[in-house]
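Beneath this line is the structure, given in structure tokens, with notes to follow.
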Amino acid sequence: MTQKKLIFALAGNANVGKSVIFNYLTGLHQHIGNWPGKTVERAEGTLSFKGYTIDIVDLPGIYSLSTYSLEELVSRKYIAVERPDLVINVVDASVLERNLFFTLQLMELETPMIVALNQMDIAKRKGIEIDTEKLEQLLGVPVVQTVATKGIGISQLLEMAIKVIEKGQTTRREVRYGEEVEERIAKITETLQGVQFYYPRRYVAIKLLEGDEEIAREIAKLAPQVVNTAKELAGEIENLHGHACSTVITSERYEAAGRVARQAQKLVPPLKPTAEERLHNLTTHRIAGYLIMVSSLLLIFFAIFTFGNYTSDLLSNLLNRLEPLSTNLFGTGIVGSLVWGGVAEGLIAGVTVALPYIIPFYIVLYFLEDSGYLSRIAFLMDNVMHKIGLHGKAFIPMMLGYGCNVPACLGCRIMETQRERTLAAFVTTLVPCAARTVIILGLVGHFLGIQWALALYVFDLLVIFALGRLAFRVMPGEPTALIMEMADYRMPQPKTVLKETWFRLAEFIKIAFPLIIVGSLVIKAADVFGLLNPVANLLSPVTVAWLGLPVITGITLIFGVLRKELSVILLAALLAPVGLQALTPVQMVVFTLVAMFYIPCVATISALVREFGGKKALFITLFEIAFAIILGGVALRVLTLVT
Amino acid sequence: MSSKSLEDYLKAIYILSRNGKSTSTTEIAEHFKIAPASVTEMLQKLANKGYVRYSPYRGAHLTRKGFQVAEKVTRKHRLLERFLHDILRIREDRVHSEACEMEHALSDEAEESLCRFLKHPDRCPDDDKIIPACDLPFSTCEECVELHKKDLEESGKRELIPVSIDQLKKGERGKVSFIRGEHKVLQRLSDMGLTPGTEVTVVKSAPFHGPLEILVRGSRLALGRGMTEIIFVEAEKE
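Just so you know, the protein sequences line up as chains A and B, in that order.
For the record, in the first sequence the residue sitting at position 195 is 195 according to our numbering, with numbers rising by one throughout.
Converting from the second sequence to our numbering requires adding 643 to each position, the first position being numbered 1.
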């Protein structure tokens, strides 16, 4: 018997344990990519169950199916256009009303669906009891209780899903709006007769009344008169209620969700605040909250850099032992040095620099995210980030930037609008990543003392602040303020954390490694064919005349585009036999400043291109080069004057 | 005391106190550039009339009654500033003091017309402060424009002037009255459960004018200041 294929979509709010269910269902058979042409993540996995091969598509966590964010639009279109066989709506039992608001919207899309009533354990602790049968009856949709973190209810969920597929679903009970709204929905639905469109007619009618831009645009192409009629009818509703029509409809939908929630749940709030609540109060406290945040961040950075340093040394010692092997195979001629000095050393750099820092960084990041702490940090930092025109969430990619700019740029997706994503990405490329930290500590920290290195960090923060503010002023568009849910704290799931880490890492390797290796090869080739010195000479008006550095720093700066961390080692080698001491303290500071700012490395540029397109990536790159050079020259003159 | 100085005092306390904190006598004295002793005397008078609550060491804060007067006169002031600045093109440094004189004479009816004439601005010109909402029963300004031909008297006035949610103190509750903003933001906030009539509780605010933590429909939301300024609520009676 050939296996029958099915497609299920997982949909629900953020922080409801959707990805935990996804992981339970699909195990390791997943892949994560992007929705075609969109910078929205698409996670997909497969499983076999009762003779079916089931594809599970994990939709982004969203609160509504309007068009506020790209995520909402993508999810809505997916369900309507690609028509999965079934939608599994994951619902957080501890915030039932708001979750049901989303459920009711999904029901309006008229695809078969079931509800996974998840986080029953958290609900219980908050004193919420839910009558599943009653809920099922009120919604007309099967409901299965689950505690995904413990794997409870997952197989029942699948069984129910198959049952719905095999028997069909007919009992769904959609929201009935007030008479005055229903009347107008009916009118619009009538005028839509004969219009072929991928959304259900009733849904289109409701969305037109709500003034949904996307749907109005699409319908205007097919039947422009309908859009106008809808606008008039919406105006009538506005006059009746004294509120915008979309607000009226949303209100009524919430009213319906509230009604269902009240009938299905019993609320006995616990007398004492729960442990989660106390932790929340402590971590968002106006004093304790900041102390906890600063100390935990410092601890994390310290731990990661100590671990990273140690592992990095270990790995590079290990890998460099392979050199004789390469020499034996390829000799020491041009081919040999290209293979070892180009390809292999590029690979080693990738492995030894990126991985020891990035893996623990990701693990900690997803641990914090899964627990819910990141949203508290965003809450505390919102005010500071506002000074550069961003809201609190932008602090998270910035933090990531200290590890590596590549994931930080990708992490800017958590911002809602394209403007804010770009702004956040620009700011994060100015954050000194682990590789730049190597330069700062290796050169300035080592020779001039740690206080100078720290001063550079502080200076960097000032620059971020100043340039961020400038970019915020210059960039067109309105800033958006923070709207963020702070879900209850919960125990992070190691499985989810590790899986996220693994997928991010794979993404990083895919983006960065080819570039690091090719870049390394190009530079080695230039070296082998004696092109480095001419290029360095070509750069001497900038490096020597303006920046007051030795000619050979031109080589290291070119090299730094690819692998910033190696530029210090290379510089030491080029300055032999004296070594880095050949530089004056001022030269050290100038060199470090330039290296800190002058360009995001090639992997970051490629991440920028991927996320924001070539034009913006080029602009950011050129701007930062110009800025670093100007800054370096000014620093030279100021410092010479002072010392 | 004259109604002018009454309004000026209430306005000053309104402007100087943020997040429902008390305003100190010294602050008010500095604001008017007069001696603290005369401020104290005035505050006592205002307290007797029920406009402020006042204690000598902690300063003054507005009662609901005082707040309404202050909000109203601030609204008139900022609307007038817009008018003087945008339409009459009065020199920027004169706008504020002119408006200070005119605000006391402007009738409520003229204020409403001015608001419509200026196409319901939401910020004043000199320091970009938000203009308080009017006391008319509309959820959007467009509606006001649309309906002003009809008899305004017929539709009545709001009992309470809605205040932006950041005016609520820690632990205070209120009902969402309306949200002033563009369609997308409006949609987003109502999607998160902030629909008219919904009860919200302010839990706390992050320091230094940071975001507000609120409870709405069983979930905990963080709202940046740009959001809290546009959400207007009717505070529950004390």
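Even glycine gets a Cβ: it sits at the ideal position worked out from N, Cα and C.
Model, not experiment: these values are computed from the prediction.
Within its own chain, the residues whose Cβ lies closer than 8 Å to the Cβ of residue 3 (chain A), once the five positions on either side in sequence are excluded, are 48, 51, 52 and 53, listed in chain order.
Counting only residues of its own chain and dropping the five nearest sequence neighbours on each side, residue 326 (chain A) has a CB closer than 8 Å to the CB of 336, 339, 340 and 344. Of all residues in the stretch 377–392 of chain A, those with a C-beta nearer than 9 Å to a C-beta of chain B are 378, 379, 380, 381, 382, 383, 384, 386, 391 and 392, reading in chain order. In the structure shown, the three-state DSSP call for residue 549 (chain A) is coil.
Using a Cβ distance threshold of 8 Å, residue 862 (chain B) and residue 71 (chain A) do not count as a contacting pair. Close CB contacts of residue 836 (chain B) within its chain, under the 6 Å cut and outside five residues either way in sequence, are with 859 and 860 (chain order).
Per DSSP, reduced to three states, the secondary structure at residue 821 (chain B) is strand. Neighbours of residue 97 (chain A) in chain B, taken as residues at a C-beta separation under 9 Å, are given in chain order as 836, 860, 861 and 862. Counting along the chain, residue 52 (chain A) sits inside the beta strand (DSSP E) bounded by residues 52–58. Taking a C-beta cut-off of 7 Å against chain A, none of the residues of the stretch 683–712 of chain B qualify. For residue 830 (chain B), at least one C-beta of chain A is nearer than 8 Å to its own C-beta. Between the stretch 578–598 of chain A and the stretch 443–451 of chain A, the count of C-beta pairs closer than 8 Å reaches three or more; the two stretches touch. In the DSSP assignment, residue 81 (chain A) falls outside any beta strand (DSSP E), carrying neither H nor E.
Of all residues in the stretch 530–555 of chain A, none is placed with a Cβ closer than 8 Å to any Cβ belonging to chain B. Under the DSSP assignment, residue 704 (chain B) falls in the beta strand (DSSP E) whose first and last residues are 702–705. At a cut-off of 8 Å, the C-beta of residue 851 (chain B) has a neighbouring C-beta in chain A. Sequence-distant partners of residue 395 (chain A) (beyond 5 residues in either direction) whose C-beta falls short of 7 Å from its own C-beta, in its chain, are 377, 378, 381 and 385.
Not a single C-beta of chain B is nearer than 8 Å to the C-beta of residue 19 (chain A). Beta-bridge partners assigned by DSSP to residue 48 (chain A): A:53. A direct Cα-to-Cα measurement between residue 195 (chain A) and residue 467 (chain A) gives close to 51 Å. Apart from the 5 residues on each side of it in sequence, residue 726 (chain B) sits with its Cβ closer than 7 Å to the Cβ of 757 and 761 in its chain, given in chain order. Within the same chain, and ignoring the five residues on either side of residue 673 (chain B) in sequence, no residue has its Cβ closer than 8 Å to its Cβ. Using a Cβ-Cβ cut-off of 8 Å, residue 270 (chain A) does not count as an interface residue toward chain B, since no Cβ of chain B sits closer than that to its own. Think of a sphere of 8 Å around the beta carbon of residue 823 (chain B): no beta carbon from chain A falls inside it, the nearest being about 11 Å out. If one requires a minimum length of 4 residues, no alpha helix (DSSP H) run lies completely within the stretch 248–273 of chain A. Below the 7 Å Cβ cutoff, chain A contributes no neighbours of residue 815 (chain B), its closest Cβ being approximately 18 Å away. Under a 10 Å Cβ-count criterion, residue 622 (chain A) is classified as exposed, with fewer than 16 other Cβ atoms of the shown protein chains found around its own Cβ. For the pair residue 840 (chain B) and residue 383 (chain A), the CB atoms are not nearer than the 8 Å cut-off. Going by DSSP, residue 113 (chain A) is part of the beta strand (DSSP E) stretching over 113–118. Residue pairing for residue 807 (chain B): DSSP places it in a beta bridge opposite B:875.
In the three-state scheme derived from DSSP, where H, G and I count as helix and E and B as strand, residue 405 (chain A) is classed as helix.
Here DSSP, grouped into helix, strand and coil, assigns residue 193 (chain A) to coil. Residue 748 (chain B) has its alpha-carbon roughly 12 Å from the corresponding atom of residue 741 (chain B). Per DSSP, the beta-bridge partners of residue 30 (chain A) are A:45. Neighbours of residue 870 (chain B) across chain A, judged by C-beta separation under 9 Å: 480, 481, 482 and 483. For residue 486 (chain A), the closest Cβ of chain B is nearer than 8 Å.
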